[in-house]
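To start, the structure under review is shown below, and the notes come after it.
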Amino acid sequence: MALFKAREFLYKGFSTFATNTKICVVGSGPAGFYTAEKLLKALPNAQVDIIDRLPTPFGLVRSGVAPDHPETKIVVNQFTRVAQHQRCSFFGNIKLGSSISLLDLRDLYHAVVLAYGAESDRTLKIPGEDLSGIHSAREFVWWYNGHPDCRNLNPDVKATDTAVILGQGNVALDVARILLRPTPELATTDIANHALEALQESAIRKVFLVGRRGPVQAACTAKELREVLGIKNLHIHIHEADLVKSPTDEEEVKNSRIQRRVYELLAKAAASGPPHSDAGRRELHFVFFRKPEKFLSSVDKKGHVAGVRFEKTVLEGSIPGKQIARGTGEFEDLECQMVLKSIGYKSVPIDGLPFDHLKGTVPNVRGRVVSNMSGDSIQLEEGLYVCGWLKRGPTGIIATNLYCAEETVASICEDLDKRASSSSFSSSPKPGREGLIRALDNQNVRVVPFSAWEKIDSAETRLGSLKNKPREKLTTWEELLKVAME
Amino acid sequence: MSLFKLSRTAGVRMIKELFIGQFLHVTKATHIRGPFFKYLRPLPQAQVQMLQGFKWREQRLYSTSGPQDGCKEENDPKETISVTFVLKDGEEKQIQVPIGMSMLEAAHLNDIELEGACEGSLACSTCHVIVMDTDYYNKLEEPLDEENDMLDLAFGLTEMSRLGCQVIAKPELDGIRLAIPAATRNFAVDGFTPKPH
Ligand SMILES: Cc1cc2nc3c(=O)[nH]c(=O)nc-3n(C[C@H](O)[C@H](O)[C@H](O)COP(=O)(O)OP(=O)(O)OC[C@H]3O[C@@H](n4cnc5c(N)ncnc54)[C@H](O)[C@@H]3O)c2cc1C
Ligand SMILES: NC(=O)c1ccc[n+]([C@@H]2O[C@H](COP(=O)([O-])OP(=O)(O)OC[C@H]3O[C@@H](n4cnc5c(N)ncnc54)[C@H](OP(=O)(O)O)[C@@H]3O)[C@@H](O)[C@H]2O)c1
Ligand code: FES
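Chain order of the listed sequences is A and B. In the numbering used here, each residue carries its 1-based index in the first sequence increased by 257. In the numbering used here, each residue carries its 1-based index in the second sequence increased by 1352.
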């Protein structure tokens, strides 16, 4: 009791009246786990359940972060400690919107935090986008990272020596690196086995990274760029003419440390030696000022992509950071049989959830879901919150979600305090975890608790150790659920 | 100086290589590592150090102890410096840090809430700290490219920013003050003169 008091004192100001608050977090990526962690700290009496549609936790840390970035994944240690906290539970294999509806979930908990990320893609809306051989980077990344939904993507890396990647963000660079990195270096990572085998037979020698704006506006960061530029035996091609900066560009590099450092790396790479052609060598071409106009279809392989037509662009606007690409009416074709669109992710709407279809996010004020915004009056969805990519859109690194979660959790705590002092709240206990399990049981949903994920984890690490890999991922739903239920 | 740098770069690379082979060990063992969170009971310091015997960690401590202080593999535990952390709410906490230890480790051993998502392997930027005094900032080794790359992404970056896991205690740093950035805080008024880059 004394201890309990002390804790209350420690977390003074935060909902000290709310006993047995039941909160459900949907999505177990960085946003979900950081939210849970902050909730557990801020609300000493809250019970926090994290649900995910996959049998495996950690979202894009498992299925997005590149296999050759093991250091980035160390954060799962911290997330594991959160999941093992006595007031926290993880339940996998529960999909919001099909295993349980949002309406039902909100009935079971005092608050629901949606952190289910962005699991679809922006589209270009240009002719030929559905030809075969064109994939979104999201699918390609899921494929090499062993996400069970893309186990059977089978991108054909054997039939072509050229791949075009549209976009120049960090995801584009990840994808380029995986295509170009010598496979012995990938063999000791946690890359999915099916992807490693395909890449070992890959015929791809040339990769084009195409951006609609210039090197000053490239969306990648220095770390990723330095890494791709440092790949062994890789020729980097950059047109020196593209490096010329306008006064607005100069202003941009002056104002942004990231842009400056990225530009400098590109300029240095362009300057370092003309490539002497050497058969079999791999090439990476940075192409700037080109926006995709249409995809060209193959004559002999019906329905397959044979290239991309680009329109040349110039930058318009004189406000630093706000320059946009305008087409010049000049076109250029680039032949290739594989295209990866890396132009951004997009969240998926769910029944009963307010959604901004244009931005692909949930309208919110500091994490509180907004149901109606007309004029000055804002109507909020009581007890419903968002965090992470679903809240902000698909940008930002893992750490960004930490600050994002701080904001959402602060809103939740404020609201709980308000509800508690209006006294209606304390008299309304919610079923929380037991209610959820009962509801899922009625639906015959097989829940995968954290202990079952730990079985998957140890099976994967055991399989990996046989091959000198940190883990060999299980990549089908069947395998994952079989090991989990053993 | 340049030798020092070299040894640090090599250290970083070694960590990376070790990680590729040893991810399993790290994942398995680290949950006992530190009094990271309030809800885990802190272990007495000696015990924590004993539990921390992971290869990559030894490697890093070893490689960062640098030629000028001599390779002190067996640090005299009494050789410490005083470090003050200015916490997010403005409260100050002074601690003693053994020579050779990173500020991230020191913070965790002393229950100071400094994030360290990648546990000191230069891959996250969450251990961002701001050196409160130019003189001390100038006594630090120049950040490596790898550190600058992560600093690019740090929340609330200033000219006096460093990554806590890369600042290693050495005698000249005795008395250093480090602020943990908070979203609500304006560092420009906290009384330091930014160092020109
Ligand atoms: C390819 C790629 C590589 C990246 N690499 C890095 C990197 O190296 N370093 C870095 O700092 N950042 C990196 N990022 C950014 C980082 O991954 C994101 O900032 C972060 O993962 C976003 O967190 P989130 O929790 O919002 O979404 P996510 O991580 O996507 O988590 C969403 C979770 O919700 C679950 N879910 C989805 N729909 C449902 C549903 N209907 N019901 C239940 N659960 C559902 C998903 O299974 C998933 O587990 C990368 C991003 C990508 C795309
Ligand atoms: N190692 C890491 O830290 C790491 C790794 C991977 C991902 N991430 C993070 O995850 C987030 C998502 O990455 P991302 O690469 O998907 O997104 P991103 O950084 O936003 O990049 C999107 C790219 O697509 C281009 N694009 C968008 N719409 C387009 C269109 N209609 N036509 C042509 N090009 C278009 C953009 O160009 P414009 O600039 O002209 O719009 C930009 O080059 C980022 O914040 C990233 O930093 C981090
Ligand atoms: S702890 Fe990740 S960079 Fe310092």
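Where is the CB? At the ideal position from N, CA and C, for every residue including glycine.
Do you know offhand how far D1421 of chain B's Cα is from C1470 of chain B's?
-> Below a pLDDT of 50, predicted positions are generally treated as unreliable, and D1421 of chain B, at 42, falls in that range; no measurement from the model is reported.
Pick from B:R1514, B:E1498, B:L1525 that is closest to K480 of chain A, judged by C-alpha positions = Minimum Cα distance to K480 of chain A is reached at B:E1498.
To which residues of the same chain is R1514 of chain B closer than 7 Å at the C-beta, ignoring the five residues directly before and after it?
-> Result list for R1514 of chain B: V1481, V1483, L1492, P1495, in chain order.
heavy atom of ligand 1 below 7 Å from A288 of chain A C-beta = Because some heavy atom of ligand 1 lies under 7 Å away, the Cβ of A288 of chain A counts as near it: yes.
Measure the Cβ-Cβ separation of V283 of chain A and A293 of chain A and say whether it is below 8 Å.
-> Contact flag unset, no.
Since L436 of chain A contacts V464 of chain A with CB under 8 Å, what's their CB separation in whole angstroms?
-> Yes, L436 of chain A and V464 of chain A are in contact; Cβ-Cβ is about 5 Å, under 8 Å.
heavy atom of ligand 3 below 7 Å from T1478 of chain B C-beta = Distances taken from the Cβ of T1478 of chain B to the heavy atoms of ligand 3 include one shorter than 7 Å.
For the 8 Å Cβ check, are there 3 or more pairs between the stretch 305 to 319 of chain A and the stretch 1436 to 1449 of chain B?
-> Contact fails: fewer than three Cβ-Cβ distances are below 8 Å.
Where the beta strand (DSSP E) through V282 of chain A begins and ends | Its beta strand (DSSP E) spans residues 279 to 283.
Would you say K726 of chain A and D431 of chain A are within 8 Å of each other, going by their C-beta atoms?
-> Judged by beta-carbon spacing, D431 of chain A lies beyond the 8 Å limit of K726 of chain A, meaning their Cβ atoms are not closer than that value.
K1331 of chain B bridges to which residues according to DSSP?
-> For chain B, the structure presents residues 1353 to 1549; residue 1331 of chain B sits outside this window and is missing.
Residue span of the alpha helix (DSSP H) that contains L597 of chain A, given as start and end = No alpha helix (DSSP H) holds L597 of chain A; the beta strand (DSSP E) holding it covers 595 to 598.
Of all the CB atoms in chain B, is at least one closer than 8 Å to the CB of Q304 of chain A?
-> Not one chain B Cβ lies under 8 Å of Q304 of chain A.
Using a Cβ-Cβ cut-off of 8 Å, state whether Y1489 of chain B counts as contacting chain A.
-> It does not: the Cβ of Y1489 of chain B has no partner Cβ on chain A nearer than 8 Å.
Proximity winner among A:A455, A:G640, A:G426, A:D413, relative to T440 of chain A (alpha-carbon distances) = For T440 of chain A, the nearest C-alpha among the options comes from A:A455.
Mind checking if E480 of chain A is an interface residue toward chain B, Cβ cutoff 8 Å exclusive?
-> Per the sequence presented here, residue 480 of chain A reads as Lys, with Glu not at that position. So yes, K480 of chain A belongs to the interface.
Using the Cα positions of V705 of chain A and V339 of chain A, report the straight-line distance between them to the nearest angstrom.
-> The alpha-carbon of V705 of chain A is positioned some 17 Å away from that of V339 of chain A.
Limits of the alpha helix (DSSP H) - the one that G692 of chain A falls within = That run of the alpha helix (DSSP H) goes 689 to 699.
What did DSSP end up calling S668 of chain A once you bin it into helix, strand or coil?
-> In the structure shown, S668 of chain A sits in a helix (DSSP, three-state: H, G or I).
So is N490 of chain A in contact with chain B if we call contact Cβ pairs under 8 Å?
-> N490 of chain A is outside the set of residues whose beta carbon lies under 8 Å from a beta carbon in chain B.
Out of A:N409, A:L388, A:A677, A:G650, state which residue places its alpha-carbon closest to the alpha-carbon of F397 of chain A.
-> Residue A:N409 is the option with its Cα nearest to F397 of chain A.
Would you say A526 of chain A faces chain B, with C-beta separation under 8 Å as the test?
-> For A526 of chain A, the answer is no, since every Cβ of chain B falls outside 8 Å of its Cβ.
Could you check what DSSP says for Y642 of chain A in three-state terms: helix, strand or coil?
-> Three-state DSSP puts Y642 of chain A in a strand.
Per DSSP, which one or two residues make a beta bridge with L1509 of chain B?
-> Under the DSSP definition of a beta bridge, L1509 of chain B lacks any partner.
What's the C-alpha gap between S358 of chain A and D364 of chain A?
-> Distance between the alpha carbons of S358 of chain A and D364 of chain A: 10 Å.
Given a limit of 8 Å on CB to CB distance, which residues of the stretch 1446 to 1469 of chain B reach chain A?
-> Going along the stretch 1446 to 1469 of chain B in chain order, one finds E1467, A1469 with a Cβ nearer than 8 Å to chain A.
Check whether the stretch 661 to 681 of chain A touches the stretch 363 to 378 of chain A, taking contact to mean three or more Cβ pairs, one atom from each stretch, closer than 8 Å.
-> With a cut-off of 8 Å, the stretch 363 to 378 of chain A and the stretch 661 to 681 of chain A count as touching, because enough Cβ pairs lie within range.
Could one say the Cβ of Q335 of chain A lies closer than 8 Å to chain B's Cβ atoms, at least one of them?
-> Yes, Q335 of chain A lies at the interface with chain B (some Cβ there is under 8 Å from its Cβ).
Taking 7 Å as the cut-off, does the CB of K480 of chain A come closer than this to any heavy atom belonging to ligand 2?
-> Result yes, Cβ under 7 Å from ligand 2.
Rounded C-alpha distance that separates I1367 of chain B from D1501 of chain B = Model confidence at I1367 of chain B stands at a pLDDT of 39, short of 50, so the residue's coordinates are unreliable; what they give is reported in the following sentence. Rounded to the nearest angstrom, the gap between the Cα atoms of I1367 of chain B and D1501 of chain B is 17 Å.
Three CB pairs or more closer than 8 Å across the stretch 465 to 473 of chain A and the stretch 637 to 657 of chain A = Output reads no: the stretch 637 to 657 of chain A does not touch the stretch 465 to 473 of chain A.
Taking C-beta pairs closer than 8 Å, name the residues in chain B that V332 of chain A reaches, listed in chain order.
-> Going along chain B in sequence order, the residues near V332 of chain A (Cβ under 8 Å) are A1469, C1470, C1476.
Just tell me which of B:P1450, B:L1439, B:G1452 has its CA closest to the CA of D1463 of chain B.
-> Answer by Cα proximity: B:L1439.
The stretch 577 to 591 of chain A in contact with the stretch 508 to 526 of chain A per 3-pair CB rule at 8 Å = Contact check between the stretch 577 to 591 of chain A and the stretch 508 to 526 of chain A: three or more CB pairs, one atom from each, fall below 8 Å, which counts as touching.
Under the three-state reduction of DSSP, which class applies to K383 of chain A: helix, strand or coil?
-> Note on identity: in this sequence residue 383 of chain A is Ile, with Lys being the wrong assignment. Coil at I383 of chain A, not helix or strand.
List the endpoints of the continuous beta strand (DSSP E) containing V605 of chain A.
-> Per DSSP, V605 of chain A lies in no beta strand (DSSP E) and is assigned neither H nor E.
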